[in-house]
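Peer 1:
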Amino acid sequence: MLIDSHCHLNRLDLTNHNGDLTAALAFAREQGVSHMLCVSVILEDLPEMMAIARAHENIYVSTGLHPTEATSQEPNVEKLTSLASDPLVIAIGETGLDYYRCEGDITWQQKRFRTHIQAAKAIDKPLIIHTREAREDTIRIMQEENAQDPKGVMHCFTETWEMAKQAMDLNFYISFSGIVTFKNAKELQDIAKKIPLDRMLIETDAPYLAPVPYRGKPNEPAYVRHVAEFIAQLRGISFEEVAEKTTENFERLFLKR
Ligand SMILES: [Zn+2]
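Residue numbering for the sequence shown follows the working numbering, beginning at 5 and increasing consecutively.
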């Protein structure tokens, strides 16, 4: 059993499945992917995401506004918590900081990040954090806002071992996407090798970032199997152990089991 802890089911490229999301989900189940967390990028996507989660089994949703998305309606804590009150919504995000894709004034990004942490605390649901080229500010804001209380995951992690440790000190999990399978991802592979298994999650971030051997092609939840297989090989442990541990971690963090 595998869980794709981060995908965007409403944005999949379904060419391989004749445009049929149900077929893509059936293929994922065939590959052993039992649960999926469909992550919000913009709040306008939520109705479609909720419809997908209601129509299929074991699909959960997060609610949040990605740090690089422009909006005319910046959400406040009340808005986020009311959107997250449905039991199918099990996380707040994705949120965080991205200085790579953002030029100029970044104070609004930081303010948005703080709002999401406050919402997660208020409703006691974990955070999904996106961070890119903003290591110090991300950790500082997590500390200042006491993000260890709702906890959460550093999704699609591509930063340093030092940052991974700082995030784990704040009760966070580290999630690896298909990037870990890329040839040039040596530093990330070292991190995936030494991180405690009880802090590891896996994800596709589909439709983006397909793992080897599908690199450059549209990604889908079924391919999380390749992430698990690669990490198992990297650590010299069985695929089953990676599958079992990352599933347990997901259930502990997001389903509070
Ligand atoms: Zn994502």
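Glycine included, every Cβ here is placed at the ideal spot set by N, Cα and C. These numbers were taken from a predicted model, which means no experiment stands behind them.
Does the Cβ of residue 231 lie closer than 7 Å to at least one heavy atom of ligand 1?
Peer 2: Because no heavy atom of ligand 1 lies under 7 Å away, the Cβ of residue 231 does not count as near it: no.
Peer 1: Using only alpha-carbon positions, find the residue among 256, 212 and 248 that is nearest to residue 17.
Peer 2: Ranking the options by Cα distance to residue 17, first place goes to 212.
Peer 1: For ligand 1, is there any heavy atom lying closer than 7 Å to the beta carbon of residue 43?
Peer 2: For ligand 1, at least one heavy atom lies less than 7 Å from the Cβ of residue 43.
Peer 1: For the segment 58-78 against the segment 220-228, are there 3 or more C-beta pairs whose distance is under 8 Å?
Peer 2: Output reads no: the segment 220-228 does not touch the segment 58-78.
Peer 1: With residue 119 and residue 87 assumed to form a contact (beta carbons below 8 Å), what rounded beta-carbon distance in angstroms separates them?
Peer 2: Not a contact, Cβ separation roughly 13 Å.
Peer 1: Is residue 70 near residue 45, with beta carbons less than 8 Å apart?
Peer 2: A contact, by the Cβ cut-off of 8 Å.
Peer 1: Within its chain, find whatever has a CB closer than 6 Å to the CB of residue 35; leave out the 5 residues flanking it on each side and keep chain order.
Peer 2: 226 and 229.
Peer 1: Just how far apart, CA to CA, sit residue 181 and residue 235?
Peer 2: Their Cα atoms are separated by approximately 10 Å.
Peer 1: Tell me whether the beta-carbon of residue 151 lies closer than 8 Å to the beta-carbon of residue 129.
Peer 2: No.
Peer 1: Do you know how far the Cα of residue 147 is from the Cα of residue 4?
Peer 2: Residue 4 is absent from the model: the chain starts at 5 and stops at 261.
Peer 1: Who are the near neighbours of residue 125 in its chain, counting only those whose CB is closer than 6 Å to its CB and skipping five residues on each side?
Peer 2: Once the five neighbours on either side are set aside, the close Cβ partners of residue 125 are 153 and 154.
Peer 1: Would you identify the three-state DSSP class for residue 218, choosing helix, strand or coil?
Peer 2: Three-state DSSP puts residue 218 in coil, outside helix and strand.
Peer 1: Using the Cα positions of residue 232 and residue 31, report the straight-line distance between them to the nearest angstrom.
Peer 2: Residue 232 and residue 31: Cα-Cα distance of roughly 17 Å.
Peer 1: Between the C-alpha atoms of residue 149 and residue 28, what's the straight-line distance to the nearest angstrom?
Peer 2: Those two C-alpha atoms are separated by around 39 Å.
Peer 1: Tell me which residue opens and which closes the beta strand (DSSP E) that residue 95 is part of.
Peer 2: Note, residue 95: beta strand (DSSP E), 93-102.
Peer 1: Opposite residue 39 in the DSSP bridges: which residues?
Peer 2: Answer is 7, bridged to residue 39.
Peer 1: I need the boundaries of the alpha helix (DSSP H) containing residue 183, first residue and last residue.
Peer 2: Run containing residue 183: none; DSSP gives neither H nor E here.
Peer 1: For ligand 1, is there any heavy atom lying closer than 7 Å to the beta carbon of residue 140?
Peer 2: Result no, Cβ not under 7 Å from ligand 1.
Peer 1: Give the range of the beta strand (DSSP E) segment to which residue 136 is assigned.
Peer 2: Run containing residue 136: 131-136, per the beta strand (DSSP E) assignment.
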